[in-house]
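Engineer:
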Amino acid sequence: MLGAAQGLAYLHHGCVPPIVHRDIKANNVLIGPDFEPYIADFGFAKLVDEGDFA
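Each position in the sequence shown, counted from 1, maps to that position plus 105 in the working numbering.
1. Are there 16 or more other CB atoms within 10 angstroms of the CB of H126, so buried, or fewer, so exposed?
2. Note down the Cα distance separating L135 from D146, rounded to an integer number of angstroms.
3. Let's see if you can read the secondary structure: which residues bound the beta strand (DSSP E) around I136?
4. Tell me, which residues are paired with P142 by DSSP?
5. Less than 8 Å between the CB atoms is what I'm expecting for L113 and I129, so what's the real figure, rounded?
Rendered as structure tokens:
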């Protein structure tokens with residue numbers, strides 16, 4: 106769970122422009138072979154201007 110939250114924080118604060126996923130749910134967090142989470146399904150994702158990000 107922490108890894109998924111860190112991934113979202115990176116998308117929101119580490120990417121230029123920031124990315125908002127807009128469809129986070131259990132089905133969109135995949136678990137890898139070493140139990141690391143992967144955020145999937147960016148179909149509803151939106152790139153936002155940093156000034157519009159709240």
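Here a beta-carbon is modelled for each residue, glycine too, at the ideal position from N, C-alpha and C.
Predicted model, so just to flag it, every value in this text is computed and none were measured.
Structural biologist: Quick answer:
1. Around the beta carbon of H126, 16 or more other beta carbons sit within 10 angstroms, so the residue counts as buried.
2. 10 Å
3. V134 to I136
4. I136
5. 7 Å
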